[in-house]
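Chains E and Y are the protein sequences, given in the same order.
Using the numbering used here, read the first sequence as starting at 4 and increasing by one per residue.
Using the numbering used here, read the second sequence as starting at 5 and increasing by one per residue.
Notes to accompany the following structure.
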Amino acid sequence: MSTTLPTNTANVAMPDWVSHPKRPIQSKLVRALLLLGMIILPWFLGGYYIYIVSLVLVYTLSTLGLNVMIGWTGQIGLAAAGFFGLGAYATSILNEKGLPWILALVLVGLFAALVGFVDGFPAVRLFGFFLAIASLAFGDLILRFIIEADGITGGGGGYPVQLLEFWGVDREIALYYLCLLAIVAFMVLVGRVLDGRLGRTMLAVNTIEIATPSMGIAPPKYKLIAFMTSGSIAAIAGAIFAQLLTYLSPDMFKTSLIITMLVMLIVGGVGSLWGSFAGAIFVVFVQEWLQAFQVYQRIVFGVSLMLCIGLLPGGLASLVERLRGAFAKRAGRAEGAAA
Amino acid sequence: MSSHSLILKDLSVAFGGNKVLEGVNISFTGGLHGLVGPNGAGKTTCYNAISGYVTPTAGSIELDGTNLVGTPSHEIGSKGIGRTFQTPKLVAKMTVLENVMLGANRTFTTGHVAEFFGTKKARAEERAVREMAYATLAQFGLDGTARDKASSVPLAVQKMVEIARALVTNPVVLLLDEPAAGLGAEDVDRMVEALLKVIKERNLTTVIIEHDLHLVSQICSKLSVLHYGRIIAEGDPKVVVKDEVVIEAYLGKRKAVK
């Protein structure tokens, strides 16, 4: 510590939960069971379903970045579809040019953070709808670049992705584990940071921005970090998405993709990492279920958005809290009646 | 430890043609200094100018001899000017403890990358700050609420949590904006007792905006009265509150009843 701490802690009886905060055992158990379930899933599911679950994981990852931006710093930045496309194309092209895929992924992740900085630098001075429009345009600019640079991206004609080899392991299963590894790694790392100082500061910038400078916090810095993190995560998700889809076309990253991402975010629960997962399950389920009826998909998405905003602002993730509250209330009433 | 000085020299603030502060001269040096005046006198604008939230049209604000005018507000916060707000600004979905920890931002030496990778030093700092925030809450008798969500605690607790957060920033000058407004007598006593103890321990220069003249005259060593953006009286609180000009500013002119 550079400065001495202002309050002496020696005379205070320090509870263990303050010095060593721990997750409740139930929460750890649920996480461990879920992870175990996900690890053994390929033993029970066929190829197509494995692909569907992989898609859920990639979408979860893409929404994770958007969640940091909207859920934590409260900025309606809508360039994620562009970054998703950037990651998909750039990693695949670099890989085709001879760079190992994993190295290309890391480089593209860093490059996307840089592009996120460029996007964020003017955008952090904007608020609300103005920010939404500016960032939407930036995302579209990336897409426009992909279409125009047809010499390397294939333009409107599309781009066949060079497929990864997995040392003889079934490709679908290997890709599934790659998605699982990525989502677990990001959930743990992003979750840790958001539970800590950075997450606290971002939430403060989101809800009490006016008060933050008096604590020595510069809000633009944290908004920029959100732009960079969000761009980087979306690009990494895009890179894995390209391997799943095997063929890229600019149509996949149109503005409608950001709507799908917003549905995942809002239906799942803004500001909840687990909500991103629930939202992705919902979207992929609806997309697959109504595959033949594009127009009905949009109706379902639209209605679910309205229902969530109106009746369940915390999204599916808040249902758990609500149920817990309802059970606690019922238990309390039962206790009262018994007494 | 000597106390720090904050001196306002000929400070003026105007919003368009509306002059909110006009040539204000105040010297805050050690102890508890009261800043009072009727609604709209310019007290909070004075705080906003000191914190860099509004730019003065003229004059200077000197912290230990360094002019703060033109310095970005977060840098002023980093220099140790801590403050609270009329309505508490807490993050509703965070716990009381986490809200207090927010104040310790400038205490950390490890960056966010170290936090991302969970280095030993980053974890040690996080723990030290958690314990320090808890100990600060305990000074106000609020350790029992540390785990509660900020949105679920009463206004009195929220106000004290905000003071605790400002103290955790390790301020050299603390600006309190109506900390006792809306609080019951018991809560005011508890807050004042804890506050006076900390001010004495740290020899902290503290300014308090408060409408309760009885309270400020009891706890402050000096009082400045603002009215329509100008200082109309200053000095020993017990003398100032009996000043005719001050009484007139608060209650209006005495009229003979026919």
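Don't be surprised by glycine CBs; every beta carbon is placed ideally from N, CA and C.
- Taking C-beta separations shorter than 6 Å and ignoring five residues to either side along the sequence, the partners of T94/E in its chain run A107, L108, V111 and A242, following chain order.
- Between the alpha carbons of I269/E and G278/E lies a gap of roughly 8 Å.
- By the Cβ test, the segment 133-147 of chain Y is in contact with the segment 87-106 of chain Y, since at least three Cβ pairs between them sit closer than 8 Å.
- For V191/E, there is no enclosing beta strand (DSSP E); the residue is found in the alpha helix (DSSP H) stretching over R174 to D198.
- Short of 6 Å from the beta carbon of A45/Y, and not among the five residues preceding or following it, lie these beta carbons of its own chain, in chain order: L230 and H231.
- Scanning T232/E, A331/E and S259/E for the CA closest to the CA of G123/E turns up T232/E.
- Taking a contact to require three or more Cβ pairs closer than 8 Å, the segment 67-84 of chain Y and the segment 195-204 of chain E do not qualify as touching.
- For the segment 74-148 of chain E, the full-length alpha helix (DSSP H) segments reaching 4 residues or more read 83-99 and 104-126 along the chain.
- Listed along chain Y, the residues sitting closer than 8 Å to I211/E by beta-carbon distance are K93, L94 and V95.
- In the structure shown, the three-state DSSP call for H231/Y is strand.
- Boundaries around I228/E are those of the alpha helix (DSSP H), P222 to L248, since no beta strand (DSSP E) includes it.
- The Cβ-Cβ distance between A240/E and S57/E does not fall below 8 Å.
- In the three-state scheme derived from DSSP, where H, G and I count as helix and E and B as strand, E168/E is classed as coil.
- For T140/Y, the closest Cβ of chain E is nearer than 8 Å.
- Identification of chain E residues near H116/Y by a Cβ-Cβ cut-off of 8 Å yields V196, R200, L201 and I228, ordered along the chain.
- Around the beta carbon of F280/E, a 10 Å sphere encloses 16 or more other beta carbons of the protein chains shown; the residue is thus reported as buried.
- In this structure, K153/Y and T88/Y do not form a Cβ contact; the two beta carbons are roughly 20 Å apart against a cut-off of 8 Å.
- The beta carbon of P223/E lies closer than 6 Å to those of V127 in the same chain, with the five residues before and after it left out.
- V176/Y places its beta carbon less than 8 Å from that of G84/Y.
- As the crow flies, the alpha-carbon of V208/E is around 11 Å from that of M218/E.
- Contact annotation for A237/E against chain Y: no contact, minimum CB-CB distance about 18 Å [criterion: below 7 Å].
- Interface with chain Y (8 Å Cβ-Cβ cutoff): L8/E is included.
- DSSP places N52/Y in the uninterrupted alpha helix (DSSP H) bounded by K47 to I54.
- Taking C-beta atoms as the reference points, V249/Y and L227/Y fail to come closer than 8 Å.
- Rounded to the nearest angstrom, the gap between the Cα atoms of E182/Y and L199/Y is 14 Å.
- Taking CB atoms only, E102/Y has a neighbour in chain E less than 8 Å away.
- Contact with chain E is absent for Q90/Y, since none of that chain's Cβ atoms lies less than 8 Å from the residue's Cβ.
- Flagged as an interface residue toward chain Y: G219/E, by a C-beta distance shorter than 8 Å.
- K93/Y carries a coil assignment under DSSP once its states are collapsed to helix, strand and coil.
- The residues A82, G85 and D122, in chain order, have a CB closer than 7 Å to that of F141/E in the same chain once the five nearest residues on each side in sequence are set aside.
- Here the alpha carbon of G27/Y sits roughly 12 Å from the alpha carbon of I236/Y.
- Contact residues of the segment 56-87 of chain E toward chain Y are absent (C-beta to C-beta distance below 9 Å).
- Closer than 7 Å at the C-beta level to chain E, one finds these residues of the segment 108-136 of chain Y: N109, R110, T111, F112, T113, H116, E119, F120, G122, E129, E130, R131, A132, R134, E135 and M136.
- According to DSSP, H37/Y shares a beta bridge with V211/Y and K226/Y.
- Your pair V58/Y and V95/Y does not check out as a contact, with CB atoms roughly 24 Å apart and the cut at 8 Å.
- In chain order, C182, A240, I243, F244 and L247 place their CB closer than 7 Å to the CB of V61/E, counting only its own chain and leaving out the 5 sequence neighbours on each side.
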